[in-house]
Every structure is written in structure tokens, then in C-alpha cells.
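Under mature numbering (1 follows the signal peptide of the UniProt record, and there is no 0), the residues of the sequence shown are numbered -10 to -1, 1 to 423, in order. Virtual Cβ for every residue (Gly too), placed ideally from N, Cα, C.
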Amino acid sequence: FALIYFTSTAQDYNPSDSNLKQRDWFSDARLGLFIHWGPFSIPGSGEWVMNERKLTIHNYTNLKDFFNPIDFDAAAYVSTAKNAGMKYITLITRHHDGFSMWDTKYSDFNIMNTPYKKDIVKMMADECHKQGIQLYLYYSLLDWRRDDYPRETGRTGKFSGRTGKSDYASYLAFMKNQLTELLTKYGEIGGIWFDGHWDQTQPEGSADRSSRIDWKYEEIYSLIHKLQPQCMIGNNHHLTPFAGEDFQMFERDLPGENSSGLSFQKASDKLPLETCETISNSWGYNLGDTSYKSTKQLVGMLVKASSLGANLLLNIGPMPSGKIQPEFQNRLAGMGAWLKVYGESIYGTKAGFVKPQTWGSVTQKDSKVYIHILDGKNASVLFDKFPFKKISKAYLLKDRKPVKYSLKNSSAQIQTNFSNNEIDNVIVLEVVK
Ligand code: FHN
């Protein structure tokens, strides 16, 4: 007789109840704060500065001796996020430059070896738990400094200065050790946000989008789910979600669009969705980038993402000192003020019955349909396949002023001739299914 052993792998992953609950929570949350910050902020040229300026490992490593963010205030970060109407924070713990923002035993290139000497992940985790906001952790799979990371390019050139032989088994053990620290020392973590998979994807343009290495995700993912079953896993690989993942993200793109040229994946109809965007054009602090989006544009992004059933993870790149620049503060405050009035049409909503239109977008919750008029030029909007039997009421969300409408033979027309400067005129339709 034979004994059959079942091992739990990512392939046969069954999310725990706590994980399903976390997914539901996440889907309702709709807005989060992405924070790209670390010693890479010092030169003020974005988080890719090491790569773009072809800095040697030796010279780049010197940055840790200058990282002393005396103005960093975790409590202020968390309250800034909360006041912006954000429900979670996704913090860079280690970007592609390999710097660890926490007290890790597994790399010397970490925050405790800077003049600052304080564990930023701990300060943020403590404050998030205190103020009741969820913490997600960004972790780069790609590393520009470590010898064992399997990348041959630049190994001998000026840029890298890497000397040893790549050794994925060793690199994987390192990542597992670090992830274990992150998931055992900082309380409950909402999710892990992986990035950098694309570094190993076959060259652009090739029909084969597979990876040059086997990342052994089943080992990484099952470790995470074993340590914290509720912890959601997302991977910014720009592909269809892999087994073991709990949410799907789209970088600088709405689900189903590929305007950035990065998002080849179809939107999942099973997993929660998230799209990430920047306020200026940069992720990390960039002195030269003043292309700030307006509050109206940012609200428009949030509305559009919500209308497709996705969260918006909106990024700030704090200054090297730890200060959040006023241009970001100002827009975050603007979004918070807008959400105070209109939050009902965003939080806890589902995708609308139509895709975003030139005039705006639609979100839905129970028997309410929210028509977001982001561009009020049209006198009315027409839905020729309106999927509800009846409209029992139509009014402005802001002040409940009635709005004119008609519904005949599944064709609904809603009057939208607004001559105001609202960021978004939100019309509520109370409908019968
Ligand atoms: O290379 C990174 C980039 O620096 C940034 O972290 C973004 C965020 O989505 N992800 C990568 C590019 O895909």
C-alpha cells in the first residue's frame, strides 16, 4: 500500500478565510499611499539613479553615510495618508538598489548603518497599527548590488562592480530570510508588493514572455502565507497573475489598458485589482520633475480606477530629509477634502456597468449607481443599454438636489448641464434591478 503525501504549494493554494477577508477589505479600500523613499532620494534624480548614472557599487554604497532624514515623522506620514482618505500605505522596504529600510541581519546595506540608525519599517508599522491604517510592504526581487543575484549584465562593467558568480539558491535563501524578518517583527502586514520580476523576462518584442530563471515563487509565496495567512501577495510582473497571488496590479495603467506599454496582462475577474500612479512623473524624489498632476486629475484617476473595480495606489517620493514636499501635501489634502464629501461614491463600490467614457465614469453600490461627471461639457449623458428596470430617484450627491432623467425602452438619459467648477459632479441614481 502506498502513502500519498500532500504538500501545500502555490499551485494548489487555497486562500485562508483571513486572506479572503483581507481581499474584501482591500477591494473596498480603493485608495492607498505608495512611498518610494531611501538613500536613492539623496541625489534628487529618482530611484533609478544608480543604474541611470552608471554608478559603481562602491560609490553608490557611500550614499548610506549621508542618509539622515531628521525631518521624518512616521505619525505625520500616517495622518497625511489618513487625511487624504487613504486606507493603506505601501512602503518601499528594499528597492532595486538593495538598501533595506529596516534592521535586517542579512545585509549591512541597511538603515541601522546610516547616521540615522532608526528602523523606518518599525516606526511606520507601529504608527500604522496605532492609527488604524493597513501597511503593505514593497520588496524588490531584483538587486543591482548583490553578487548572487542572477544578472550577468554589468557584472564586470563600470556600472555594477559585481565580481562573484550569480547563485540563485543563495539569493533565494537571502530573500526568504528577509521576508521572514518583515513578517515576524512588525505585526500584521496587509500584503507584500513584489517588483522586478520583469528584469528576467525574455527581451522585449519576443513572443515568449517567460522568465530566464525559475524564481521558485511557490517557495516564497507559501512561506509568506505560512507566516501570515492573511497577507496578500501581489507581483508587478505585468503578466497574468501566477498561482499563489492574492491581488493583481497595473503599473501606470487602468486595468485592461496598456497605455504605458507595461501592462500586457488581462484584468482578473477573481482577484482584487490595483493600479499605481505618481503625482509628478517620478517615483523617487526628483528635483527636476515639476509635472505635478492637479487634484482634479488625481481624483479623475481614482474615479476611473474605481469604475473598473480597482484601487488607486498613489505615490509620493519624499525628500531626503524625510519631508513630504508641499506640492504633494497640497494634492493629498485636496483629495481628502473631496473624499470627505464624495467618499460614499468610491469606498466599497464595484465596477460600473459601463467602462470609463469621455465625460466620466460610473461606480455602483447595492441599489445606487453613481454617475461621475468629470467633464461637464455635455448637456446630458445617454445610456442606450441601461441595465436596470427603474430609476426611483436621481439627485446630486453633494446636496441631494434633484437631477432630471428619463428611462424608456432601456435607454436612460440624465441631464448634466453643469456650469460649475466642481472636480466631479456626482449624480446618484437609486435604481431597481
Ligand atoms: O523599476 C520600478 C520603479 O522604480 C517603481 O518602483 C515602479 C513602481 O511600480 N516599479 C518598477 C517599474 O516597473
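query, result
"Grab me the residues of I404's own chain with a C-beta within less than 7 angstroms of its C-beta, minus the 5 sequence neighbours each way, in chain order.", "I361, S370, V371, A384, V393, Y395 and I417"
"Grouping DSSP H, G and I as helix and E and B as strand, with all else coil, what is L21?", "strand"
"Given that a residue counts as buried once 16 or more other Cβ atoms are within 10 Å of its Cβ, and exposed if not, what is S409?", "exposed"
"In this structure, does DSSP put D93 in helix, strand or coil?", "coil"
"Give the list of continuous alpha helix (DSSP H) stretches no shorter than 4 residues that lie fully inside the stretch 280 to 304.", "285 to 297"
"By how many angstroms is the C-alpha of T51 removed from the C-alpha of D2?", "41 angstroms"
"In the DSSP assignment, find the beta strand (DSSP E) that holds I47 and state where it starts and stops.", "Not the beta strand (DSSP E): I47 falls in the alpha helix (DSSP H), residues I47 to T51."
"For D93, I'd like the list of residues in its chain whose CB is within less than 6 angstroms of its CB, leaving aside the five on either flank, ordered along the chain.", "M102 and D109"
"Please give the ranges of any beta strand (DSSP E) in the stretch 228 to 259, keeping only runs that are unbroken, at least 3 residues long and fully inside the region.", "238 to 241"
"Can you list the alpha helix (DSSP H) stretches of 4 or more residues lying completely in the stretch 110 to 134, in chain order?", "110 to 121"
"Within 6 angstroms: the Cβ of E42 and any heavy atom of ligand 1?", "no"
"Would you say E37 touches ligand 1, meaning its beta carbon is less than 6 angstroms from a heavy atom?", "yes"
"Compute the Euclidean distance between the alpha carbons of S310 and N320, then round it to the nearest angstrom.", "Checking the sequence shown, residue 310 turns out to be Pro, not Ser. C-alpha separation (whole angstroms): 19 angstroms."
"Ignore the nearest five residues each way along the sequence and tell me which others in F240's own chain have a CB closer than 6 angstroms to its CB.", "S253 and T265"
"Using C-beta distances below 6 angstroms, list every residue in its chain close to P377, excluding the 5 sequence neighbours before and after it, in chain order.", "F343"
"DSSP has I361 in a bridge; who is on the other side?", "V352 and I417"
"How big is the Cα-Cα spacing for V293 and A323?", "17 angstroms"
"Does the stretch 80 to 95 come within contact of the stretch 24 to 42, defined as at least 3 CB pairs closer than 8 angstroms?", "yes"
"Which residue wins for smallest C-alpha separation from N399, given the options K391, I413, N407 and K379?", "K379"
"For S258 versus S297, is the C-beta distance shorter than 7 angstroms?", "no"
"CA-CA distance, L217 and L419?", "45 angstroms"
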